[in-house]
Amino acid sequence: MYREMRTKTPIGDLPLYLSNKDAAAEAKVIQESKRMETAEDALAAEILAWLDSPVVDGDGFDDPDGVRPVHEETCINQIWKEVLGRSGSIPHNETIKIGKAMQIIGWYRTPGPIISPKLGKKYGRCRVYFRDKKMHTLL
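Numbering (the working numbering), first residue to last: 135 to 273.
1. Taking its Cβ as the centre, do 16 or more other Cβ atoms sit within 10 Å of VAL262, making it buried, or is it exposed?
2. Mind checking which residues open and close the alpha helix (DSSP H) that includes ARG140?
3. Going residue by residue through the segment 186-236, where are the continuous beta strand (DSSP E) segments of at least 3 residues, counting only ones entirely within it?
4. At what residues does the alpha helix (DSSP H) containing ILE249 begin and finish?
5. Going by alpha carbons, who is nearest to PRO149 out of MET139, ALA161, ASN227?
6. GLU207: buried (16+ other C-beta within 10 angstroms of its C-beta) or exposed?
7. Using only CA atoms, which one of THR229, ARG202, ASP175, LEU177 lies nearest to SER187?
8. For the segment 156-173 against the segment 204-223, do three or more pairs of beta-carbon atoms, one drawn from each stretch, fall closer than 8 angstroms, so that the two count as touching?
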């Protein structure tokens with residue numbers, strides 16, 4: 135196979151990718167099935183379940199038939215406290231894990247710390263993750 139490829143391309147790098155779209159899609163599925171699940175993958179699933187759950191205002195009078203909004207923005211501190219049920223300052227290695235989990239989820243992150251209208255009163259100045267990229271550009 136190598137010699138055949140080298141005959142077609144005698145000089146330079148050989149193409150090391152699949153040119154057939156179906157073969158590339160199948161290879162991706164096979165690769166993903168062999169990949170080991172990481173702690174960040176499991177954390178991402180837990181965070182995503184919370185992000186997709188309806189926001190409860192806490193007064194106990196939410197209309198069970200009404201449409202309740204889901205979380206549209208969050209920060210690492212909120213995830214630490216509300217999703218993981220932890221308190222106190224967040225160890226650096228935990229902020230890295232949560233940040234990687236949010237990358238897996240695919241939410242948009244502010245390039246630097248901001249004071250969000252929704253999160254600022256409780257969590258102060260922080261990097262904010264948004265479900266929708268448009269929200270990120272409004273701040």
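Every residue gets a Cβ at the ideal spot worked out from N, C-alpha and C, and that includes glycine.
From the atom records:
1. buried
2. Element bounds for ARG140: 136-142.
3. As far as the segment 186-236 is concerned, it has no whole beta strand (DSSP E) run of at least 3 residues.
4. That residue, ILE249, is in no alpha helix (DSSP H); it is neither H nor E in DSSP.
5. MET139
6. buried
7. Considering only alpha carbons, the answer is ARG202.
8. Output reads no: the segment 204-223 does not touch the segment 156-173.
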